[in-house]
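Each protein sequence line maps, in turn, to chains S and F. Under our numbering, the residues of the first sequence are numbered 20 to 311, in order. Under our numbering, the residues of the second sequence are numbered 28 to 349, in order. The beta carbon of each residue, even a glycine, is placed where N, CA and C say it ideally should be. Since we're looking at a predicted model, the values are computed, not measured. A short write-up of the structure that comes next.
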Amino acid sequence: MRGVRWLKLKYMAFRDFWSIYRSNKLGVVGLIIIVFFIIMAIFAPYIATHDPNKTNPAKYLLPPSEEHWFGTNEVGQDLFSRNIYGARISLLVGFLAAGVAVFIGVFVGLISGYFGGWIDEVLMRITDFFLVMPALVLMIVIAALLGPSLINVILVIGALSWSGTARIVRSMTLTIKEWPFIEAAKASGAGHFKILFKHIFPNVMPVVYANAALTISNAIFSQAALVFLGVGNVSDISWGSILHYAFSSGALGTGKWWYFVPPGIFILLLIYGFILVGYSLEEILNPRLRHR
Amino acid sequence: MRYSSYVLKRVAISLVTILIIISFNFFLFRILPGDPVRLLFRNPNLTKEQIDALNRKFGLDKPLYEQFLIYVFNSLRGEFGLSFFYRKSVFDILVPRLINSIVLILPATVIAILLGMLFGVLAAWRRGDRVDVSILAVSMGLYSIPTFWLGGMFILLSIYYLHLPIGGMVTHGITHQDIFSYLEDLFSHLILPLVTLTLVLYGQFTIIMRNSLIDVLTEDYIQAALAKGLSVSRLLRKHALPNAMLPMISIIAINLGLVVGGAVLTETVFNWPGVGRLIYDAILRRDYPILQGAFYIIAVSVVLANLIADILYGFLDPRVRY
Chain S
20 MRGVRWLKLK YMAFRDFWSI YRSNKLGVVG LIIIVFFIIM AIFAPYIATH DPNKTNPAKY
80 LLPPSEEHWF GTNEVGQDLF SRNIYGARIS LLVGFLAAGV AVFIGVFVGL ISGYFGGWID
140 EVLMRITDFF LVMPALVLMI VIAALLGPSL INVILVIGAL SWSGTARIVR SMTLTIKEWP
200 FIEAAKASGA GHFKILFKHI FPNVMPVVYA NAALTISNAI FSQAALVFLG VGNVSDISWG
260 SILHYAFSSG ALGTGKWWYF VPPGIFILLL IYGFILVGYS LEEILNPRLR HR
Chain F
28 MRYSSYVLKR VAISLVTILI IISFNFFLFR ILPGDPVRLL FRNPNLTKEQ IDALNRKFGL
88 DKPLYEQFLI YVFNSLRGEF GLSFFYRKSV FDILVPRLIN SIVLILPATV IAILLGMLFG
148 VLAAWRRGDR VDVSILAVSM GLYSIPTFWL GGMFILLSIY YLHLPIGGMV THGITHQDIF
208 SYLEDLFSHL ILPLVTLTLV LYGQFTIIMR NSLIDVLTED YIQAALAKGL SVSRLLRKHA
268 LPNAMLPMIS IIAINLGLVV GGAVLTETVF NWPGVGRLIY DAILRRDYPI LQGAFYIIAV
328 SVVLANLIAD ILYGFLDPRV RY
C-alpha cells in the first residue's frame, strides 16, 4: 500500500510540474529536440542508409545525391549514415560526463555549505580555481597527456565541469540548513549524514536538474571541440570527428560544404535543446525569474 | 575593511591561485603517463650542451621537493625549457603569440560586451513579450553554436561569396609598402575571426545582462521610482543600469575562461598565429614544453584579469570589501 501511495504522490507531483512546464514554449521546443536525437541514436541502424564504416575509394568526396543524401567523405564513406550514428557518442558523453560533474558538484556543494568553517574555505578556493580556469584549455592539456579514448574524454570533461554546480548547491545548502525542519531533525537525533542526504539533498535537487541540463550542453560542446582539435578519439563515429576530418583533410578549405555543414547543425540543435530545457527549468524553479 | 587591505587580500589570493596553477602544472606533467619531462631528453634534435643545460635548469637529478622549488622559480621567471619542434625557448615563442591573440580577443570582447548590453537591456525591459523572446532565442542560438563550426561556415561563405582571406594574419610572401598597407592587410585577415568570436561571445553576454537587469528591475526601489512617475529612460539610465552593471564586471571576469576557449578554437580554424593555434600545433607535434608554457601563460592572464576586475569592483561598490 505504501508503495502505491508513494507512486501516486510522485505522479501527482510530476503532473503538477508538467502542467507548469507545458506552458513554457521554449522549454517544450527544447524537449522535442532532445527526444528527436534520442530516437535518432537508438534507431541509428534502421535510419542509416549505408554501413557508416564502409569505405569506397572510387566514391570520394561526392556531393549530395539520391544515393548519398549528405554526400561522401575523402575515403568514400556515406556521410548521412555517419551523421546519424554520430548522435550516439554526443548523447553518451553528454549524459555520462554531466553525471560525473553533477555528482562531484553536489557532493562538494553539500559538504561545503553544511559544515562551513575551514572545510568550506578550502573547498571553495578549489572551486573558484576551477571556475576561473579556462576549462577548455585545461581539458585539451589533460586529454592530450592522457591519450585519446572515449572514457578519458568523459572523465576529463566530468572532472572539470562541476564548479558551477558546487557553487549553486552550496548556496542552497546554506539557506536550507537554517530551516526549522532541519533543527527538528537534529533535535530528534539525526546524524550529519542523514540530515545531509535525507533532508537537504532532496530540497537541492530541483535546482540541480536545471543546472544539469546546462552541464550536459557544455559536455556535448566540449567533447566535439576536443575531438575536433584531435585530442579525443577521432576514430569513433561522432559529429566532432566528422568535423575534425573535414577540417584536417582540407575538404573545408576547398569548399566541400556537405562534409562540414550537417554535423555542426546537429551539434548546434542538440545543445540548443538542452539550453532551452535548462533555461525553462530555471525560470520555473527560480521565483525571482518568474513573471512579474 | 579599508580599501588598501581589501586590495592586499585580493592580491594574496591571486598569488595563491598562481601557485596552485604552477603546482598543478608540475604534477600534471610528471605524474601522467609518458612523463613529458623525461621526454624532453628523448628529443633527438638536442645537442649534448642543450641536454646539460636542461639538466641544470630543471634539476632532474635532485630530490622531488627541490625539483618542485626549482620549477616554481622557473615558472615565475617564464622559463619552460625548449620547444621540441622549434628548438627555441618556449618563452620567446609565446610572447609574440600572446600579442597576436590579444589583437583578436580584445576587440571581439569589447564589441560583444557593448552589443550584449544594448540587447540585454532591451530584452529585460520588454520582458516576456515578442522582443524579449526573439532576442533571447537568438542569443541562446548563438551561444549554442560550436565556435569552430561557425568559423568553418564563414570560411565556406568566404570561398563562395565573400572572398575574404580565410587563414593567417597577413598575406604570405608580400612586402608591405608602408604601415597603412600592412594594417589594411591585417584588418582584412582579422574580419572573419573577429566576427566569429564576437558572435559567439555576444549570446552569452546578452543573457547575462538581461538576467542581471531583471534582478534589479524586480527590486522595490524601482517600483517606487516608477510610482513617483519617473520616465522609463531616466529610470533605466539612472537607477537600473548602474546597479546591474556591477555584477556584470565580476561575471565577465569569471567568464574570461570561456572567452579564451572560444579564442583557441577560432584561432585554430583561421590559422591565426596566436597562443590558441600554437596549442593546436603543439598537440599535433606532441610538443609538451609548448603546451605547458601556453597553459601557464593563459591561466596567469585570466587570474590577473580577475584580480583587476575584483579591485575595480571593490572601488565601485564598497559593500563587497566586507
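> Taking C-alpha atoms, which residue in S/R41, S/D70 and S/F56 lies nearest to S/I239?
Replying inline: S/F56
> Secondary structure at F/D119, three-state DSSP: helix, strand or coil?
Replying inline: helix
>> Whole angstroms are fine: how far does the CA of F/L55 sit from the CA of S/D139?
In response: 25 Å
> Is it buried or exposed for F/A254, if we count other Cβ within 10 angstroms and need 16 for buried?
Replying inline: exposed
> Along chain F, in chain order, which residues have C-beta atoms closer than 9 Å to that of S/F279?
Replying inline: W176, G179, M180, I182 and L183
> Where are the beta strand (DSSP E) runs, 3 residues long or more, that stay fully inside the region 114-199 of chain S, in chain order?
Replying inline: none
>> Out of F/D247, F/Y92, F/P192 and F/M167, which one is the CA nearest neighbour of S/L233?
In response: F/M167
> If you follow the alpha helix (DSSP H) that F/R157 is part of, which residue opens it and which one closes it?
Replying inline: R157 to S171
> Can you check whether the CB of S/A120 is closer than 9 Å to the CB of S/G177?
Replying inline: A contact, by the Cβ cut-off of 9 Å.
> Looking at F/P192 and the ligand MG, is the gap between the Cβ and the nearest heavy atom below 8 Å?
Replying inline: Questions concerning the ligand MG fall outside what the structure shown contains, since it holds no ligand whatsoever.
> For the alpha helix (DSSP H) that contains F/Y315, what are its first and last residues?
Replying inline: Y315 to L343
>> According to DSSP, simplified to helix, strand and coil, what is F/T174?
In response: helix
> Quick one: Cα of S/I286 to Cα of S/Q242, how far?
Replying inline: 10 Å
> F/Q204 lies in the alpha helix (DSSP H); which residues open and close that run?
Replying inline: Where F/Q204 is concerned, there is no enclosing alpha helix (DSSP H), given that its DSSP letter is neither H nor E.
> Does the beta carbon of S/F240 sit closer than 9 Å to a beta carbon anywhere in chain F?
Replying inline: Output row for S/F240: interface = yes.
> In or out: F/K265 buried (at least 16 other Cβ within 10 Å) or exposed?
Replying inline: exposed
>> Rounding to the nearest angstrom, what Cα-Cα distance links F/F146 and F/M275 in this structure?
In response: Taking the straight line joining both Cα atoms gives about 14 Å.
> Of the residues F/L273, F/R346, F/F112 and F/W299, which one's Cα is nearest the Cα of F/L318?
Replying inline: F/F112
> First and last residue of the alpha helix (DSSP H) that includes S/I256?
Replying inline: Neither: S/I256 is in no alpha helix (DSSP H) and is coded neither H nor E.
>> Comparing C-alpha positions only, which one of F/L142, F/V330 and F/L121 sits nearest to F/P316?
In response: F/L121
>> Whether or not the region 96-104 of chain S and the region 65-84 of chain S are in contact is what I'm after, with contact meaning three or more pairs of Cβ atoms, one per stretch, closer than 8 Å; do they touch?
In response: Counting C-beta pairs closer than 8 Å gives three or more between the region 65-84 of chain S and the region 96-104 of chain S, which meets the contact rule.
> With C-beta atoms as the reference, is S/A163 less than 9 Å away from S/I123?
Replying inline: no
>> At a CB distance below 9 Å, what residues from the region 184-197 of chain F approach chain S? Give them in sequence order.
In response: I186, Y187, I193 and G194
> What is the DSSP secondary structure of S/R311, counted as helix, strand or coil?
Replying inline: Note that S/R311 scores 40 on pLDDT, short of 50, meaning its location in the model is unreliable and no value can be drawn from it.
> Once you ignore the five residues that flank S/H310 on each side, which residues in its own chain have a CB closer than 6 Å to its CB?
Replying inline: Model confidence at S/H310 stands at a pLDDT of 49, short of 50, so the residue's coordinates are unreliable and nothing is read from them.
> Residues bridged to S/T68 by DSSP?
Replying inline: Note: S/T68 sits in no beta bridge, so no partner.
> Rounded to a whole number of angstroms, what is the C-alpha to C-alpha distance between F/Y187 and S/A117?
Replying inline: 39 Å
> Would the region 257-268 of chain S and the region 202-218 of chain S be scored as touching if the rule is three or more Cβ pairs under 8 Å?
Replying inline: no
>> Going by DSSP in three states, F/L257 sits in which element: helix, strand or coil?
In response: coil
> Could you give the C-beta distance for F/G303 and S/F279, rounded to a whole number, given that I count them as a contact under 8 Å?
Replying inline: Going by Cβ atoms, the distance from F/G303 to S/F279 rounds to 20 Å, so no, they are not a contact pair.
> Considering only residues of the same chain and omitting the five flanking positions on each side of F/D314, which have a CB-CB separation below 6 Å?
Replying inline: S110, F111 and F112
> How would you call F/V38, buried or exposed, if buried means at least 16 neighbouring beta carbons within 10 angstroms?
Replying inline: exposed
>> Less than 8 Å between C-beta atoms, sequence neighbours within five positions excluded: which residues of the same chain meet that for S/M59?
In response: Closer than 8 Å at the Cβ level, and outside the excluded window around S/M59, lie I66, I103 and A106.
>> Does any residue of chain S have a CB that is nearer than 9 Å to the CB of F/Y170?
In response: yes
>> Need the endpoints of the alpha helix (DSSP H) that F/P93 sits in, please.
In response: Looking at the sequence itself, residue 93 of chain F is Glu, so the reference to Pro does not match. Start and end: L91 to L103.
> Along chain S, in chain order, which residues have C-beta atoms closer than 9 Å to that of F/A326?
Replying inline: V151, M152, P153, V156 and L157
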